[in-house]
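Asker: Take a look at the following structure, please.
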Amino acid sequence: GSVEGSVDIATSAITGGYTLEVYTSNDILLASKNFSIEEFVPDRIRVNAKLDKSALKPGESAVLSINAMNFFGPPAANRNYEAEIQVRQKSFNAEKFGGFDFSLANQSSFFDKKLIEGKTNSEGNATEQFDVPSTYTNMGVLQANFYTTVFDETGRPVSRLASADVFTQDVFYGIKYDWFFYYPLNQAVRFELVSLDKDGNVVNS
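Have a look at this one:
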């Protein structure tokens, strides 16, 4: 009691949702099935982007290494690429010192961006250097995101992300209080202070 059929989809068919309907010979709807026509183009190249450091300080440099390879083929040589570096604020927290506030007072929001363009060499490789400006000093923790995009021979982009933290201070200061808003007269108000390094360890003296 079964039958099998097929429907040819034209290469010019519009992508989107479709409904397949099955009728009897006298136009009675028996069943319907929804399906989609989608265009899927697999990546032609494989892209790797790595940083030589995961943590930086003002005045230090990081090297971004880019490698692009054709799938099942030779290196993706002479391919255009873009490396966009975005630097933004990131909160500092220490697991052992919950409840402490390490944010900087009167600090305005910070965002910096730099775009680099180039071509991969004959081996499909490229390197870019990012120098952390000394002007970033005493700005808490920043996060530098490296968005690397390599374009295949058709101009289709393949992107990767690599990130590094920028510690602009050697010591991070936290303050904690008991969150009471009203205190009786002649009673001491207790504030706890702590100084930590970038790994959350106490800095003595």
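Numbering (the working numbering) for the sequence shown: 103 to 307.
We put the CB at the ideal spot given by N, CA and C, even for glycine.
Does DSSP put residue 236 in a helix, in a strand, or in coil?
Answerer: The answer is helix: DSSP assigns residue 236 an H, G or I state.
Asker: Can you tell me which residues form a DSSP beta bridge with residue 133?
Answerer: 124, per the DSSP bridge assignment.
Asker: Along the chain, which unbroken stretches of the beta strand (DSSP E) at least 3 residues long are found entirely within the region 197 to 221?
Answerer: Within the region 197 to 221, the complete beta strand (DSSP E) runs of at least 3 residues are 213 to 221.
Asker: At which residues does the beta strand (DSSP E) containing residue 259 begin and terminate?
Answerer: That run of the beta strand (DSSP E) goes 259 to 269.
Asker: Does DSSP put residue 249 in a helix, in a strand, or in coil?
Answerer: Residue 249 falls in the strand class under three-state DSSP.
Asker: Ignoring anything shorter than 3 residues, give me the beta strand (DSSP E) runs that lie fully in the region 133 to 185, in order along the chain.
Answerer: Here the runs fully enclosed are 147 to 153 and 163 to 172.
Asker: Could you check which residue in 283, 191 and 277 has the C-alpha nearest to that of residue 213?
Answerer: Ranking the options by Cα distance to residue 213, first place goes to 191.
Asker: Would you kindly report the start and end of the unbroken beta strand (DSSP E) that includes residue 278?
Answerer: Where residue 278 is concerned, the enclosing beta strand (DSSP E) stretches over 274 to 279.
Asker: Pull up the distance between the alpha-carbon of residue 280 and that of residue 236, whole angstroms please.
Answerer: Going from the Cα of residue 280 to the Cα of residue 236 covers about 37 Å.
Asker: Look up residue 192 in the DSSP assignment and say whether it is helix, strand or coil.
Answerer: Residue state, collapsed to three classes: strand.
Asker: Looking at the strands, I want to know which residues DSSP matches up with residue 228.
Answerer: Answer by DSSP bridge pairing, in chain order: 168.
Asker: Only counting the same chain, and skipping five residues up and downstream in sequence, which positions put a Cβ closer than 6 Å to that of residue 163?
Answerer: Around residue 163: 231 and 233.
Asker: Starting from residue 298, follow the beta strand (DSSP E) in both directions and report where the run begins and ends.
Answerer: Element bounds for residue 298: 293 to 298.
Asker: Residue 151 and residue 166 - do their beta-carbons sit closer together than 9 Å?
Answerer: Contact: yes.
Asker: By DSSP's criteria, residue 304 is part of a beta bridge. Which residues make up the other side?
Answerer: Answer is 298.
Asker: Is the CB-CB distance between residue 259 and residue 252 below 9 Å?
Answerer: Yes, they are a contact pair.
Asker: Give me whichever residues DSSP pairs with residue 187 in a beta bridge.
Answerer: Paired residues: 216 and 248.
Asker: Within 10 Å of its beta-carbon, does residue 111 have 16 or more other beta-carbons around it, so buried, or fewer, so exposed?
Answerer: Result: exposed.
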